[in-house]
Amino acid sequence: MPDNFENISGKIRTPILEVRDLSVSFHLLEGVIPAVAGVDMVLNQGEVLGVVGESGCGKSVTAKSVLRIIPCPPGSIDSGTAMFEDRNLLELTEAEMEGVRGNKISMIFQEPMTSLNPAFTVGDQIAEVFRFHRGMKKREAFERAVEELRRVEIPDPAKRARSYPHQLSGGMRQRAMIAIALACRPRILIADEPTTALDVTIQAQILNLMGQLQTDIGMSIILITHNLGVVASIADRVVIMYAGRVVEEGTIDDIFACHHHPYTHGLLRSVPRLDRPSEDLQEIKGIVPKLNDLPRGCAFSNRCDYVMEQCRQREPVFKPIGSGHKSRCWLENRPW
Amino acid sequence: MVSLSEKKQGYSGEPYLSVTGLKKYFPVGRRSLTGKGAVVKAVDGISFQLKKGQILGLVGESGCGKTTTGRTILRLIEPTDGNIVFDGMDVTHTRDMKALRKKMQFVFQDPYSSLNPRMSIFRILKEPLDNFMGHMSRSDKKDLVVQTLQTVGLTADHMGRFPHEFSGGQRQRVALARSLVCSPELMVCDEPVSALDVSIQAQVINLLKRLKQEYNLSMVFIAHDLAVVEHLCDPIAVMYLGGIVEISPKEELYSSPLHPYTQALLSAVPIPDPVLERQRKVQLLTGDVPSPLNAPSGCTFHPRCPLAGEECRLQRPQLVEIRPGHSAACFKAASP
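Those protein sequence lines, which keep their order, are chains E and R.
To get our numbering, take the position in the first sequence, counting from 1, and add 8.
To get our numbering, take the position in the second sequence, counting from 1, and add 16.
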């Protein structure tokens with residue numbers, strides 16, 4: 009999306025959501041699992057922030073903590089702030105949070121079948137948002153719901169509003185989820201792997217739709233994904249996470265063209281690409297470590313090709329290496 | 017001791033696996049008194065050939081019948097109609113399927129549900145040996161299990177452990193070892209890497225490449241990710257709604273796809289490079305994949321096809337060879 013990107017890079021960046029030093033842990037039978045350890049993340053007005061990482065790296069937990077939908081217990085938010093509209097979301101009361109969730113900050117999930125209620129029609133579920141946040145009457149809310157379905161380009165919206173989730177295809181369900189999330193025109197949309205369960209041609213449709221709606225509504229998006237292709241197609245900035253930490257942050261051009269962290273490097277080289285046919289895939293050796301059994305020093309040190317002595321001693325600091333580009337690594341220069 | 021690498025080398029021109037007019041219809045709902053009920057045409061008359069040492073990629077979106085095809089080849093489900101010939105033997109009508117099963121193995125998508133949680137890795141790998149190679153002594157079996165584990169990148173220490181102690185990538189290695197242990201000649205892999213993280217996915221793809229070289233294995237590799245298939249398979253068959261729409265050598269399929277569906281599918285894959293992404297033109301398909309229960313008349317792709325004409329609505333196009341080795345089922349591609 010070239011036009012989109014140009015617009016945003018031309019704007020002055022004003023932060024809309026600032027997450028500082030967020031730590032979240034889960035108290036389980038096998039011990040305390042530090043799922044997120046000191047994450048800093050800034051979302052600017054009108055941008056798409058891609059959050060990339062493998063399963064268990066804490067990307068979903070970070071997003072869910074901001075909306076306070078982490079089950080506590082076993083989860084607990086140990087430290088940090090999440091500033092949104094001059095308020096710390098982590099300190100609001102439950103009643104105040106209800107005014108934020110689905111109204112100012114919305115979330116869509118990976119599997120639209122499990123996040124929609126199977127016992128209510130799609131129209132009722134969208135109407136619920138209007139009744140709850142806007143205090144509309146039942147009939148009026150349902151009429152608005154049909155409008156919202158039309159907006160997400162569902163054919164024959166009046167009929168579809170009376171359908172139950174199981175009567176819709178995967179792509180349609182995700183459109184319905186988007187309709188629910190965007191009903192109140194939120195300022196921030198958190199999309200947690202929105203296209204992972206979908207086929208490529210449907211993924212292309214959904215990404216296209218999200219791009220369009222973002223410009224229409226003027227919202228900011230946090231896009232959580234493991235698919236680097238999806239990030240390259242719609243994100244403006246990227247945060248790379250590993251083992252509960254942010255390891256690199258930068259604009260998409262920083263990350264794809266001059267990334268600094270060895271994990272980012274490994275990730276990019278391990279993806280099979282259509283534009284570079286038959287090139288050998290470079291794997292990252294080893295496996296993702298358990299979060300309660302991380303190596304000493306840098307969490308990536310046991311899998312890193314460029315590991316040095318100090319990496320095994322001390323955890324690297326998250327330091328700037330260019331304007332808006334930061335990396336958590338002891339390496340001075342890129343060795344590749 | 018039987019060595020795994022003592023395998024017949026060299027290619028022959030004869031097709032090694034030949035599938036002709038394969039059909040699998042599943043009955044749905046209640047049958048009427050006349051015995052005719054509604055059917056889902058999951059696989060509707062597909063034909064392809066595989067030479068020894070080749071990996072055939074079977075790609076398509078969910079519900080296109082690729083998994084059913086894979087399972088029918090091994091008669092894990094009985095075909096409704098059609099003929100499967102493997103290494104000169106008629107698979108469809110043989111009464112001695114056990115002898116064939118030793119040579120034909122299956123690898124499932126989800127390594128979490130395909131390994132018995134109550135069996136140790138040793139027992140999981142020994143079971144096929146007990147089943148197919150009863151004459152081997154216990155110590156020979158143990159040697160072979162250790163050797164196979166090493167081939168897939170695990171060690172003898174892993175034998176006493178249980179599946180839950182392994183990560184997804186390691187489990188998939190165990191599943192591969194289980195298929196390899198009785199030296200098969202044909203492997204059908206059903207999306208073996210789609211449940212894995214990117215860095216682990218690259219490890220398993222590289223492993224499969226190596227195994228194919230070492231054992232001169234023939235494979236049917238089922239996937240929905242075109243980039244993964246590109247790295248592993250040649251030739252490649254694209255399926256849509258129960259039929260093969262295009263089959264071609266790898267290079268040609270990616271450089272000059274003939275069928276409009278293949279073209280749309282290829283254009284929909286996002287490239288992990290923002291510079292190329294800004295130039296990429298997505299050919300957006302409208303609508304969803306129709307239900308196989310109610311497949312469109314004529315060419316099954318015509319409701320979504322940008323080129324569809326009158327004949328596409330009325331007649332079903334046959335797979336015809338348009339360039340050497342490159343066939344497509346499309347009227348428009350056949351007569352440009």
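Even glycine gets a Cβ: it sits at the ideal position worked out from N, Cα and C.
| Asked | Found |
| --- | --- |
| Contacting residues, own chain, Cβ-Cβ under 7 angstroms from L206/E (five flanking each side not counted) | G178, G179, Q182, I214 |
| Short CB-CB distance (under 7 angstroms) between L282/E and chain R | yes |
| Chain E contact for R222/R (CB, 7 angstroms cutoff) | The amino acid at residue 222/R is misidentified as Arg; the sequence shows Asn. With 7 angstroms as the cut-off, N222/R counts as an interface residue toward chain E. |
| Identity of the residue in M144/E, Y250/E, I198/E, L275/E nearest Q75/E by Cα | Here residue 75/E turns out to be Leu, not Gln, going by the sequence shown. Considering only alpha carbons, the answer is I198/E. |
| Contacting positions in the stretch 246 to 269 of chain E - beta carbon closer than 8 angstroms to chain R | I260, D261, F264, A265 |
| Against chain E: residues of the stretch 205 to 232 of chain R by CB proximity under 8 angstroms | D213, V214, S215, I216, Q217, A218, Q219, I221, N222 |
| Proximity of G53/R and K39/R at Cβ, strictly below 7 angstroms | no |
| Same chain only: Cβ atoms within 6 angstroms of P10/E, ignoring 5 sequence neighbours per side | With a pLDDT of only 42 at P10/E, under the threshold of 50, the placement of this residue in the model should not be trusted; the figure read from the coordinates follows. Once the five neighbours on either side are set aside, P10/E has no close Cβ partner at all. |
| Beta-carbon separation (whole angstroms), T89/E vs R28/E, contact threshold 8 angstroms | 5 angstroms |
| Contact list for I186/R against chain E, beta-carbon separation under 8 angstroms | Residue identity check: residue 186/R is Gln in the sequence provided, not Ile. Per Cβ cutoff of 8 angstroms: I295. |
| Proximity test, Cβ basis, 7 angstroms: V298/R and chain E | yes |
| Beta-ladder partner(s) of L335/R, from DSSP | None, per the DSSP bridge assignment. |
| Nearest neighbour of G185/R, chosen from C198/R, L170/R, G176/R [CA to CA] | L170/R |
| Which of helix, strand or coil DSSP assigns to P23/E | strand |
| Continuous alpha helix (DSSP H) stretch holding A43/E: start and end | Counting along the chain, A43/E falls outside any alpha helix (DSSP H), though it belongs to the beta strand (DSSP E) covering 39 to 52. |
| Rounded separation between D213/R and T302/R - CA only | 30 angstroms |
| Under the three-state DSSP convention, the category Q65/R falls into | strand |
| Whether I232/E touches D200/E by CB criterion (7 angstroms) | yes |
| Chain E contact for H247/R (CB, 7 angstroms cutoff) | yes |
| Where T110/R falls: helix, strand or coil (DSSP) | coil |
| Three-state secondary structure (DSSP) of P280/E | coil |
| Best match in K67/R, V254/R, F237/R, N147/R for proximity to S343/R [C-alpha to C-alpha] | V254/R |
| Proximity test, Cβ basis, 7 angstroms: P303/E and chain R | no |
| Any 3 or more C-beta pairs closer than 8 angstroms across the stretch 329 to 346 of chain R and the stretch 252 to 269 of chain R | yes |
| Delimiting residues of the alpha helix (DSSP H) encompassing D250/R | Counting along the chain, D250/R falls outside any alpha helix (DSSP H), and DSSP gives it neither H nor E. |
| With 16 other Cβ atoms within 10 Å as the buried cut-off, status of R135/E | Sequence check: residue 135/E is Ala here, not Arg. Per the 10 Å Cβ criterion, buried. |
| Closest Cα partner of T278/R within the set D112/R, G76/R, K68/R, V56/R | G76/R |
| L330/R at chain E interface by Cβ criterion, 7 angstroms | no |
| Whole-angstrom distance between R142/E and I252/R, CA atom to CA atom | 53 angstroms |
| Selected residue, minimal CA-CA separation from E230/R, among G69/R, Y32/R, G45/R, L33/R | G69/R |
| N-terminal and C-terminal residue of the alpha helix (DSSP H) that N216/E is part of | 208 to 225 |
| Residue-level contact to chain E via CB, L74/R, 7 angstroms cutoff | no |
| For E256/E, the nearest candidate out of A187/E, E291/E, I230/E, G330/E (CA to CA) | G330/E |
| CA-to-CA distance, L221/E to M115/E, given in whole angstroms | 15 angstroms |
| Rounded Cβ spacing between C198/R and M235/R (contact assumed at less than 8 angstroms) | 16 angstroms between Cβ atoms; not a contact. |
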